[in-house]
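Worksheet: the structure to be examined is printed underneath.
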Amino acid sequence: MDAPRDTIVLDRANFEILVQRARVANDYQLGDNRTPGNVGPLMCLPMDEYEDLILARRHYKNLIRRLMQEGMTEENIAVLSQDHPRDPQANKTMYDAPDVRKQNAPTASYNRREDHAFSADNQAKPRFSPSGIQPRSREQWRQDPNGNGGLISLYFKGLAADFTYWDVTSAIRGGSLSHLKLVPSTEEAFVSFVKEEDAMSFYNYVRKNDFYVKQRKVHVTWARHQRYIAGDVAAQIRRGASRNLLIPDCEGKLTEREIRQDMAHIETLIIIKVIFSDGHCHIKTNSIFDAMVAKMCMQSRRKYKQWTVQWDQDECSEPFGESQESRPIKQQTGTSKERFAGRGQNRFASLRTDDDNNV
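Under my numbering, think of the first position of the sequence shown as 1, with each following residue one higher.
Pasting the structure below:
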């Protein structure tokens with residue numbers, strides 16, 4: 001029997017294809033009410049968006065290939081490719097002064113435009129890049145809303161305005177630091193240790209013995225907001241990462257000025273001090289995360305390919321007492337004869353009853 005003229009005969013395969021296309025078109029029109037996962041195996045995109053995706057994919061592949069040709073490893077590329085944290089507080093300073101000192105101590109929040117690098121002599125240096133590119137390296141951090149993360153961040157108050165990062169790190173002992181922020185305008189600093197037990201030991205030590213920086217007593221309390229280490233940074237720390245770098249056997253081939261200029265494009269990196277010793281270069285920085293970025297940057301440059309950039313020991317991890325030459329010396333009163341006579345006197349003489357002088 002012939003089919004009516006207003007109908008078309010299709011086989012099942014072609015019919016299913018048409019039904020599937022109709023469903024996809026319907027899902028695309030109702031996209032506001034459906035999640036992308038429910039659309040199906042196909043998705044409709046405007047041609048210009050599709051071309052942009054193809055172009056971005058090509059650019060990404062070219063960028064990865066060029067970076068690997070310059071010596072960057074896949075692990076480093078994976079770290080740099082991660083998304084920034086979506087915490088709404090991520091653009092704010094991670095530290096605040098303790099509540100008990102809030103009335104007297106200014107808040108730790110400050111304009112990032114004041115966040116400039118200080119060299120060992122505390123001279124502010126502008127950041128620049130020979131290429132004109134100013135990339136942002138935002139450290140991943142988190143706050144523990146339940147308060148179960150422990151105490152690792154401390155608040156220093158009473159620093160002199162001319163104190164440098166090196167002055168502060170030279171006085172800290174007892175544990176490696178994960179981050180250090182010095183605010184000369186408010187004479188305060190915020191210090192985070194890698195390990196909670198080191199932070200507790202340092203706090204207990206300065207509570208008993210006081211804390212001095214260049215013979216000036218500094219008040220130390222717990223920071224109101226603790227700065228915790230992100231998971232990927234913690235993994236690098238377990239592999240030996242620190243806030244300091246070591247370039248072996250480079251003395252005479254590199255200068256401090258070159259190193260500072262090569263790393264000046266890393267916005268939050270502060271090179272505290274560069275020391276050449278025994279043919280090696282020791283680079284002291286302000287944080288482990290920024291040191292990780294600097295290390296990857298060096299490894300990607302041809303200038304540094306002849307050396308293996310390594311992690312260096314944190315001088316703050318040395319035992320207590322080795323930095324306390326900055327403690328003020330107590331002045332002794334009286335002449336040497338008087339002090340000697342005082343030591344020779346019998347402290348029980350006042351108990352004698354046969355001496356008229358004791359009446």
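Backbone N, C-alpha and C define an ideal beta-carbon position, used for all residues, glycine too.
Owing to the predicted nature of the structure, the values given are computational and were not obtained by experimental measurement.
Exercise. Hey, how far is the Cα of TYR155 from the Cα of ASP52?
Worked result: 48 Å
For this session: Can you give me the Cβ contacts of GLU318 inside the same chain, cut-off strictly under 7 Å, excluding the 5 residues immediately before and after it?
Result: ARG173
For this session: Between the Cα of MET292 and those of GLU251, GLN236 and THR7, spot the shortest distance and give me the residue it belongs to.
Result: Measuring C-alpha to C-alpha distances from MET292 to each of GLU251, GLN236 and THR7 identifies GLN236 as the nearest.
Problem set entry | Cβ pair count under 8 Å reaching 3, the stretch 233 to 253 against the stretch 297 to 310 | yes
Exercise. Thinking C-alpha only, which one of GLN313, CYS316, ARG224 and GLN299 is nearest GLN391?
Worked result: The first residue shown for the chain is 1 and the last is 359, placing residue 391 beyond what the model contains.
Exercise. So the beta strand (DSSP E) TYR155 belongs to, where does it begin and stop?
Worked result: 153 to 157
Exercise. Should GLN226 and SER153 be called a contact, given that it needs their Cβ atoms to be closer than 7 Å?
Worked result: yes
Problem set entry | Assumed close pair LEU159, ASN286 - CB separation to whole angstroms, cut-off 8 Å | That belief does not hold up - the Cβ atoms of LEU159 and ASN286 are roughly 15 Å apart, past 8 Å.
Exercise. Counting Cβ pairs, one atom from each stretch, are 3 or more of them under 8 Å apart for the stretch 190 to 208 and the stretch 249 to 263?
Worked result: no
For this session: Inspect the beta-carbon positions of ASP198 and GLY231 and report whether they are closer than 7 Å.
Result: Cβ atoms of ASP198 and GLY231: not closer than 7 Å.
For this session: Could you tell me which of VAL19, ILE77 and ALA161 sits nearest to ARG216, measuring between CA atoms?
Result: ALA161
Problem set entry | N-terminal and C-terminal residue of the alpha helix (DSSP H) that HIS282 is part of | In the DSSP annotation of this structure, HIS282 is not part of any alpha helix (DSSP H); the continuous beta strand (DSSP E) holding it starts and ends at 280 to 285.
Problem set entry | When GLN313, ASP314 and PHE163 are compared against SER185, the one with the closest alpha-carbon | PHE163
Problem set entry | Simplified DSSP assignment, three categories, for ALA361 | With the chain covering 1 to 359 only, the question about residue 361 has no answer from this structure.
Exercise. Sorted by chain position, which residues of the same chain lie with C-beta nearer than 8 Å to VAL194's C-beta, five sequence neighbours on each side aside?
Worked result: ILE152, GLY175, SER176, LEU177, SER178, ILE229, ILE237 and ILE288
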